[in-house]
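Numbering (my numbering), first residue to last: 2 to 304.
Right, one structure below, let's go through it.
Pasting the structure below:
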């Protein structure tokens, strides 16, 4: 795949950090009648709203693995359409029974409710599986957010230039920006940018401190130690998504470390570097074995 060509998510990310993607009407009508189901994905993206790199991991992977661009589609009204749900806490956005194919998605909160999926191939972690079973849905014990597959489709190499990267959820951006300004050793990693840009920033850091779940998952996927923190803003959900991922990758469930305006950044960097980096290869292999995408042979390390 041409590494210089803009990817789907890069084209969709506006210069002001908002979404500028809108699916074509013709493609949506075709999808409503069941056509092109192998490129129908659901992910969180609304024109003019904040672009968040973690929301675009699913479509990025789809493009890298298939050589095609996906269609954002949720079969809310169509009796024939179906959709693949991939990376993110998006199960609560299922609206019609027997329409969703689940591959690595998760719940935002332990009490999330949603109609029965058409098929569950994998979920983010044990907490999501437990909720599935509470709702009476079959769910295999195959775990992992698809973001753990990113190193298999994009490997720019690691070049450490910063002692610590701060990856705030976009709600925390201003707070984290003020902290990063205090030291040249600290890099603010803005999640309102495309997937490849965020990955390159993560790989330039010895470790990261993140209030973004996908900041943690992506860092760990590339072997970068990641500390879960909070910068002050309340992040949606009840914390289930962080526990879900930790349990899936074999790490203890830990509370987020508060990072105030007077934080000792050197000490924070040391704690971040001390975080264990899980071996994600077994989970990634299992995810690839049940991948619902029509894979293209592009010489990628798919496991």
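The beta carbon of each residue, even a glycine, is placed where N, CA and C say it ideally should be.
- Around the beta-carbon of residue 160, fewer than 16 other beta-carbon atoms lie within 10 Å, marking it exposed.
- Given a length threshold of 3 residues, each whole run of the beta strand (DSSP E) inside the region 143-230 is given here in chain order: 165-168, 187-189, 209-211.
- Under the three-state reduction of DSSP, residue 63 is assigned to helix.
- Going by DSSP, residue 85 is part of the beta strand (DSSP E) stretching over 84-86.
- Residue environment: residue 23 is assigned as exposed (fewer than 16 neighbouring CB atoms within 10 Å of its CB, all protein chains considered).
- For residue 27, no beta strand (DSSP E) run applies; the uninterrupted alpha helix (DSSP H) run containing it begins and ends at 26-33, by DSSP.
- Taking C-beta atoms under 8 Å as the contact rule, residue 226 and residue 252 fail to qualify, at a distance of about 11 Å.
- The DSSP-derived three-state label of residue 8 is coil.
- Boundaries of the alpha helix (DSSP H) around residue 285: 282-290.
- The secondary-structure analysis by DSSP pairs residue 102 across a beta bridge with 85, 120.
- In the structure shown, the three-state DSSP call for residue 48 is coil.
- Contact between residue 269 and residue 210 holds: CB atoms are separated by about 6 Å, below the 8 Å threshold.
- Its Cα nearest to that of residue 185, the residue 166 stands out among 52, 166, 283, 193.
- Collapsing the DSSP output to three states places residue 259 in a strand.
- For residue 73, the three-state secondary structure derived from DSSP is strand.
- When C-beta atoms of the region 59-66 are compared with those of the region 93-101, fewer than three pairs fall below 8 Å, so the two segments do not count as touching.
- Cβ-Cβ separation between residue 248 and residue 128: approximately 7 Å, consistent with a contact (criterion under 8 Å).
- Counting along the chain, the unbroken beta strand (DSSP E) around residue 42 starts and ends at 41-43.
- Take residue 126, set aside five residues on each side of it, and the residues of its chain with a beta-carbon closer than 6 Å to its own are 144, 245, 246, 248, 249, in chain order.
- In terms of Cβ geometry, residue 196 and residue 168 do not form a close pair [threshold 8 Å].
- Here residue 55 really is in contact with residue 215; their C-beta atoms are around 3 Å apart, less than 8 Å.
- Nearest Cα to residue 29 within the set 76, 121, 86, 275: 76.
- Under the DSSP assignment, residue 271 falls in the alpha helix (DSSP H) whose first and last residues are 266-274.
- Per DSSP, residue 254 lies in no alpha helix (DSSP H) segment and is marked neither H nor E.
- For residue 58, the three-state secondary structure derived from DSSP is helix.
- By the Cβ neighbour-count rule, residue 64 is buried, with 16 or more other Cβ atoms within 10 Å of its own.
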